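S.K.:
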Amino acid sequence: MKLLDLRREPGARERLREGLPSWEGILRRVRRIVEEVRRGGDGALLRLTLRYDGVRLRREELRVGREEISAAYRKVDRGTLRSLRVAARAVERYHRRQLPRPWFATLSPGVRAGQLVLPLDRVGVYVPGGLASYPSTALHTLIPARVAGVRRLVVCTPPGPGG
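Start counting the sequence shown at 1; every next residue gets the next number (the working numbering).
1. Just to confirm the assignment: which complete alpha helix (DSSP H) runs, minimum length 4, are found wholly within the region 58 to 128?
2. Return the Cβ separation of V127 and Y134 in integer angstroms, given the expectation that the two are a contact with Cβ distance under 8 Å.
3. For the beta strand (DSSP E) containing V155, name the first residue and the last one.
4. Compute the Euclidean distance between the alpha carbons of R59 and A113, then round it to the nearest angstrom.
5. Do you know how far the Cα of L16 is from the Cα of V37?
6. When the Cα atoms are used, what is the spatial distance from L50 to R28?
7. Using alpha carbons as the reference points, say which of L107, Y52, E24 lies closest to G160.
8. Flag this pair as yes or no: are the beta carbons of R101 and V117 separated by less than 8 Å?
9. Can you give me the C-alpha to C-alpha distance between G130 and T157, rounded to a whole angstrom?
10. Quick one: using the 10 Å Cβ neighbour count with 16 as the cut-off for buried, is I143 buried or exposed?
11. Mind checking A145: buried by the 16 CB within 10 Å criterion, or exposed?
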């Protein structure tokens, strides 16, 4: 591998930044997409999936059913499943240790203070897909939410070429 050190190269930082979109531009585009989905619901989501992912889906294909999940699970080789289980246990142990605990104290007669820790009702996560899969993203976002006591977890991932 060839390593280039551009720290002393005049104008290198500026030239590298020229090719990057501005955060303001990115936020503007994301806000437009979110607003389009808010207004248009599933229909907008289907149009955007066609536009950005090049896949034409039907409304009933937006949600993956238990049978489809089970079929996909059966296709994963045992070694990969074993590795994912080991990683999942490690992630869970880590997040259980850092779980904040509620506490209360009497600061003076008649004065109590403390911290009540409650989980969110639901959490949605995005797991990148496409040319590569990222199970570690699923582990590192879903497991902490589950450990925290979140009841409803929703995973979104882009469709493959066949939907």
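All C-beta atoms in this analysis are idealised placements derived from N, C-alpha and C, irrespective of residue type, glycine included.
Model, not experiment: these values are computed from the prediction.
M.R.: The structure says:
1. 66 to 75, 78 to 97
2. 6 Å
3. 152 to 156
4. 49 Å
5. 33 Å
6. 20 Å
7. Y52
8. yes
9. 9 Å
10. buried
11. buried
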